[in-house]
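**Q** Read top to bottom, the protein sequences are chains V and Z.
At position 15 of the first sequence (counting the first as 1) the number is 14 in numbering that gives the first Met the number 0, and the numbers step up by one without a gap.
At position 185 of the second sequence (counting the first as 1) the number is 184 in numbering that gives the first Met the number 0, and the numbers step up by one without a gap.
Here a beta-carbon is modelled for each residue, glycine too, at the ideal position from N, C-alpha and C.
Number of protein chains: 2
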Amino acid sequence: MPTVILFGAGNVASHIGPALQATGYEIAAVVSRRASSAQALAEKLSAAALTFEHHPKYPAADICLYAVSDDALPLLACQVAASYPEAVHVHTSGSTAADVFSPFVASYGVFYPMQTFTKGAPLNFRDIPCFIEGSDAHATDVITRMAESLSAHVTPLGFEARRDLHLAAVWACNFVNHCYNQAADIISRHPELSFDMLLPLIDETARKVHRLSPREAQTGPAVRFDRRIIDMQSQRLAHTPLSRDIYQLMSRSIHEHATAQPSSNPPSPLNP
Amino acid sequence: MPTVILFGAGNVASHIGPALQATGYEIAAVVSRRASSAQALAEKLSAAALTFEHHPKYPAADICLYAVSDDALPLLACQVAASYPEAVHVHTSGSTAADVFSPFVASYGVFYPMQTFTKGAPLNFRDIPCFIEGSDAHATDVITRMAESLSAHVTPLGFEARRDLHLAAVWACNFVNHCYNQAADIISRHPELSFDMLLPLIDETARKVHRLSPREAQTGPAVRFDRRIIDMQSQRLAHTPLSRDIYQLMSRSIHEHATAQPSSNPPSPLNP
Numbered sequence: 000m001p002t003v004i005l006f007g008a009g010n011v012a013s014h015i016g017p018a019l020q021a022t023g024y025e026i027a028a029v030v031s032r033r034a035s036s037a038q039a040l041a042e043k044l045s046a047a048a049l050t051f052e053h054h055p056k057y058p059a060a061d062i063c064l065y066a067v068s069d070d071a072l073p074l075l076a077c078q079v080a081a082s083y084p085e086a087v088h089v090h091t092s093g094s095t096a097a098d099v100f101s102p103f104v105a106s107y108g109v110f111y112p113m114q115t116f117t118k119g120a121p122l123n124f125r126d127i128p129c130f131i132e133g134s135d136a137h138a139t140d141v142i143t144r145m146a147e148s149l150s151a152h153v154t155p156l157g158f159e160a161r162r163d164l165h166l167a168a169v170w171a172c173n174f175v176n177h178c179y180n181q182a183a184d185i186i187s188r189h190p191e192l193s194f195d196m197l198l199p200l201i202d203e204t205a206r207k208v209h210r211l212s213p214r215e216a217q218t219g220p221a222v223r224f225d226r227r228i229i230d231m232q233s234q235r236l237a238h239t240p241l242s243r244d245i246y247q248l249m250s251r252s253i254h255e256h257a258t259a260q261p262s263s264n265p266p267s268p269l270n271p
Numbered sequence: 000m001p002t003v004i005l006f007g008a009g010n011v012a013s014h015i016g017p018a019l020q021a022t023g024y025e026i027a028a029v030v031s032r033r034a035s036s037a038q039a040l041a042e043k044l045s046a047a048a049l050t051f052e053h054h055p056k057y058p059a060a061d062i063c064l065y066a067v068s069d070d071a072l073p074l075l076a077c078q079v080a081a082s083y084p085e086a087v088h089v090h091t092s093g094s095t096a097a098d099v100f101s102p103f104v105a106s107y108g109v110f111y112p113m114q115t116f117t118k119g120a121p122l123n124f125r126d127i128p129c130f131i132e133g134s135d136a137h138a139t140d141v142i143t144r145m146a147e148s149l150s151a152h153v154t155p156l157g158f159e160a161r162r163d164l165h166l167a168a169v170w171a172c173n174f175v176n177h178c179y180n181q182a183a184d185i186i187s188r189h190p191e192l193s194f195d196m197l198l199p200l201i202d203e204t205a206r207k208v209h210r211l212s213p214r215e216a217q218t219g220p221a222v223r224f225d226r227r228i229i230d231m232q233s234q235r236l237a238h239t240p241l242s243r244d245i246y247q248l249m250s251r252s253i254h255e256h257a258t259a260q261p262s263s264n265p266p267s268p269l270n271p
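(1) Going by DSSP in three states, Glu25(Z) sits in which element: helix, strand or coil?
(2) Since I believe Ser252(V) is in contact with His177(Z) (beta carbons under 8 Å), could you give me their beta-carbon distance rounded to a whole number of angstroms?
(3) So, using beta-carbon positions, are Leu5(Z) and Ile26(Z) closer together than 7 Å?
(4) What is the DSSP secondary structure of Tyr57(Z), counted as helix, strand or coil?
(5) What is the DSSP secondary structure of Ala171(Z), counted as helix, strand or coil?
(6) Determine the chain Z residues that contact Lys207(V) at a beta-carbon separation under 8 Å, and present them in chain order.
(7) Should Ser233(V) and Arg243(V) be called a contact, given that it needs their Cβ atoms to be closer than 7 Å?
(8) Which value, in whole angstroms, describes the spacing of the CA atoms of Asp140(Z) and Gly133(Z)?
(9) Could you confirm whether any beta carbon from chain V is found closer than 7 Å to the beta carbon of Asn180(Z)?
(10) For my contact list, Cys63(Z) and His88(Z) are in at a C-beta cut-off of 8 Å; report their separation, rounded to the angstrom.
(11) Can you find a C-beta in chain V that's less than 7 Å from the C-beta of Pro213(Z)?
(12) Taking buried to mean at least 16 other C-beta atoms within 10 Å of its own C-beta, is Ala92(Z) buried or exposed?
(13) According to DSSP, which residues form a beta bridge with Leu64(V)?
(14) Give every residue of the same chain whose Cβ lies closer than 8 Å to the Cβ of Ile245(Z), excluding the five residues on either side of it in the sequence, and list them in chain order.
(15) Rounded C-beta distance between Gly219(Z) and Cys172(V)? I'm assuming under 8 Å.
(16) Compare the Cα-Cα distances from Ala81(V) to each of His256(V), Lys56(V), Asp70(V), Ser31(V) and report the closest residue.
(17) Identify each residue in the stretch 37 to 55 of chain Z for which the Cβ-Cβ distance to at least one residue of chain V is less than 8 Å, and report them in chain order.
(18) If you pair each beta-carbon of the stretch 112 to 121 of chain Z with each one of the stretch 202 to 215 of chain V, do three or more pairs fall below 8 Å?
(19) Taking a contact to mean a Cβ-Cβ separation below 7 Å, would you say Ala160(Z) touches Leu192(V) in this structure?
(20) Would you mind telling me which residues of chain Z sit closer than 8 Å to Met145(V), beta carbon to beta carbon, in chain order?
(21) Using the beta-carbon of each residue, which ones in chain Z are nearer than 8 Å to Gln217(V)?
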């Protein structure tokens, strides 16, 4: 089985590392900016714990897997990749092009698992949709085998579509979670209420879009554009102006989506 | 068992009517603005189908239950309630005070089931958190018994807390669903992508806040305030300015929430 150097010890790396190891891949080293982070993940994987200062003395490996933040990736690729020309260099980002590696090595690509990863929040990797791209036949082969060993849902995807998929994921996950956070803030004003009371609503809202389109599933004052309720609710947010501004734009946008004619005017590519 | 006149034949009424009937309540009539709507729901309940023009010739009932939109409620209460002084008058709104009925009758209140109701999307009413309020002992007793026959999660709640709960529900449901809709719009630009690919992410995002607070659960470019990704994603929305504006405010708000110090500075009542 191939050996892997795993760059990063954060939310994504801490899920991919154990999942890869469980399918038989050998994690030779975990490399992180901070020694303590590398140590914590490397211990779980019986791997060497290294920092960026150990470069270029990382062990040899078949795959260099970069599970680091988008803003760290270009510099890390530049510093590291050329020293390991035999390896396939793979990052996990939705929004960075594969060719971040192209000045340095021939075989590289992307393994983008579209999920929200938090350390300690267990996930079944088999269920995670993964989107892959390879620079040449060798990279594509190595990445495809790695992806299919982890997930039952692997799709080849180019950068244009992948970055829009990542943008869609930001809406469907990060922005959704922030709406939960806004709800939690409001709930916290009232000692007789608790966030748990919202969970059946949160669950049903997610469940509904398995059967209906989000457009069909929409309910509430904004879709009816009930001006009295919208003004009153907006007023309740007057002391948090940023939340109030988001509330007002969201209400307008919901109403615009509801009154658009999707069947007679299908969305144009960039103007849905 | 008490008899009920059900006003409204929309999403909420079409769930409450059958649920009430299943627990033994007799739905004497369904009253709606449009005869065809009243007819459709009344047939399922073996009830009389009436319109607002039949007033004041509705059958006698113990409960007048108003499952109508917030903007229709005040006028309907004014037109109807005084003619049925023996009944308890109950509305289902999160954002209208119980005393919309106070000029007309003595016994009135609120039964607010906090859920997203769509016709034809089945729900188990036992699981729905319901919030109730009664104007006097009789109303409170009648409404409590009705609520507890429908739901295992009944909480008495005054108007101040109820309307903030409704506002929280708008964030946790309507705005969340609109984020799904925005994601669907973006996905629709690419024939090789489908909305279904987002469902594992949507499900996990909802599941995570059962175990973590939304603040702890947050991931993605905005919480890291990765300027390059935020600018690039913002640019991808340039042709839909309202969506782009929401994207930018949401990203800013996520970052502000992430950098606030919740443990040392707990949120003040109106300035979380």
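**A** So, to answer that:
(1) strand
(2) 6 Å
(3) yes
(4) coil
(5) helix
(6) Thr115, Thr117, Ala120, Asn176
(7) yes
(8) 8 Å
(9) yes
(10) 5 Å
(11) yes
(12) Per the sequence shown, residue 92(Z) should be read as Ser rather than Ala. Buried, because 16 or more other Cβ atoms sit within 10 Å of the Cβ of Ser92(Z).
(13) Leu5(V), Val89(V)
(14) Gln181
(15) 7 Å
(16) Lys56(V)
(17) none
(18) yes
(19) yes
(20) In chain order: nothing, as chain Z lies at least about 19 Å away.
(21) Asn173, Asn176, His177, Asn180
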